[in-house]
Amino acid sequence: MTASKTPRSKARVGLKSLMGPRATADQTAGEIFPFDLPSIDLTTGLPTGSQYDDRAIVLITASVVEQALETLLLAKFIPLSDDDERTLFSSDGGALSTFEAKVQLGFALGSYGRRVRIPG
């Protein structure tokens, strides 16, 4: 399958190139969330600053949630080879390559309730 040259496709390729390796069960929250969250200045009660803005933190957190969904789904599947996982989750047009598809399948498998599922 030839990759599409649409702006959306180019953006997906660019974002995927920025993603690091998937989180593992052995990693701590500090390792999974590498951003330097602001500490609070006790004299003013205000954050002292962070190297990431709100958008970056949201994108990183969404990526971690998506990886957690993949881990949850893989726990329910038969054992898959690395190539099969890549085809299913990461390839362009893979059955579970979108966040919504992962959320919907997790719901269908009974992993969480209706309130978690994306309406649609």
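The opening position of the sequence shown corresponds to residue 181 in the working numbering, with each subsequent residue numbered one higher. We put the CB at the ideal spot given by N, CA and C, even for glycine. This structure is a prediction, so every number in the text was calculated from the model and none was measured.
Residue span of the alpha helix (DSSP H) that contains residue i, given as start and end
i	result
Val283	279-288
Asp264	262-269
Best match in the options for proximity to residue i [C-alpha to C-alpha]
i	options	result
Phe287	Asp272, Leu253, Ala275, Ser270	Leu253
Glu246	Ser261, Thr278, Gly274	Thr278
Leu270	Thr186, Gln207, Val193, Val238	The sequence shown places Ser at residue 270, not Leu. Of the listed residues, the one whose Cα sits closest to Ser270 is Val193.
Thr201	Arg266, Gly274, Gly293	The sequence shown places Pro at residue 201, not Thr. Of the listed residues, the one whose Cα sits closest to Pro201 is Arg266.
Cut-off 6 Å between Cβ atoms - residues of its own chain near residue i, not counting five sequence neighbours on either side
i	result
Lys282	Leu249, Leu276
Close-in-space but distant-in-sequence residues of the same chain around residue i (CB under 8 Å, 5 per side omitted)
i	result
Lys256	Leu289, Ser291
Pro259	none
Cβ distance (whole Å) where residue i is taken to contact residue j below 8 Å
i	j	result
Val244	Ala205	In fact, because the Cβ distance is near 13 Å, the residues do not count as touching under 8 Å.
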